[in-house]
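Please read the structure below before turning to the comments.
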Amino acid sequence: MKLPQFKLFWSSPIFKQIKVIDTMSYEKFNLINSNISCLPMEKSDKKRIIPETTSKIITYINELCHQVYSSSENLSIDEGIIKFKGRVHFKTFNSMKPIKVGLKM
Numbered sequence: 001m002k003l004p005q006f007k008l009f010w011s012s013p014i015f016k017q018i019k020v021i022d023t024m025s026y027e028k029f030n031l032i033n034s035n036i037s038c039l040p041m042e043k044s045d046k047k048r049i050i051p052e053t054t055s056k057i058i059t060y061i062n063e064l065c066h067q068v069y070s071s072s073e074n075l076s077i078d079e080g081i082i083k084f085k086g087r088v089h090f091k092t093f094n095s096m097k098p099i100k101v102g103l104k105m
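Heads up, the sequence shown is in the numbering used here, so the first residue is 1 and it goes up one at a time.
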């Protein structure tokens, strides 16, 4: 369900999203959301490969995940596709998946 404001996910029982409110409070989400920004690449940056431009933040997030979570077993993460209809040059298409076109994760 799409809501006009993020705060409505934590509001009345009609709009309440259990997975969202069990994970974090609205204040914590708002703090994270206000500190993350995605800006369009400049013309000089368009020549660089997309993974190269995002590698620093991915490395940082991986380091934080290793500090916070340590598993007692070997885990495997399956790739997935996030549904996306915008214009980017790195969209993927897979006719065998439920989500046919999107961003590969």
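Just so it is clear, CB atoms sit at the ideal spot from N, CA and C, and this is done for glycine as well.
Predicted model only: the values in this text are computed from it and were never measured.
C-beta contact flag for K83 and F93 at 8 Å
Counted from its first residue, the sequence shown places residue 83 at position 83. Counted from its first residue, the sequence shown places residue 93 at position 93. The answer is no: Cβ separation not under 8 Å.
Excluding sequence positions up to five away, which residues of its chain have a Cβ less than 7 Å from the Cβ of Y26?
Taking the first residue of the sequence shown as position 1, residue 26 is located at position 26. Result list for Y26: K7, W10, in chain order.
Just verifying my parser: in three-state terms, what is the DSSP assignment at F90?
As a working mapping, residue 90 is identified with position 90 in the sequence shown. Residue state, collapsed to three classes: coil.
Could you tell me the distance, in whole angstroms, from the CA atom of I36 to the CA atom of I57?
Residue numbering aside, residue 36 sits at position 36 when the sequence shown is read from its first letter. Residue numbering aside, residue 57 sits at position 57 when the sequence shown is read from its first letter. Looking at the two C-alpha atoms, the distance is approximately 11 Å.
When you compare only the Cα positions, how much space is there between S55 and Q5?
Reading the sequence shown from its first residue, position 55 is the one you call residue 55. Reading the sequence shown from its first residue, position 5 is the one you call residue 5. Their backbone Cα atoms lie some 31 Å apart in a straight line.
Three-state secondary structure (DSSP) of K100:
Here residue 100 refers to the residue found at position 100 of the sequence shown. In the structure shown, K100 sits in coil (DSSP, three-state: anything other than H, G, I, E or B).
Could you tell me whether the Cβ atoms of L64 and I81 are closer together than 8 Å?
Counting from one through the sequence shown, the residue named residue 64 turns up at place 64. Counting from one through the sequence shown, the residue named residue 81 turns up at place 81. Not in contact: L64 and I81 (Cβ atoms no closer than 8 Å).
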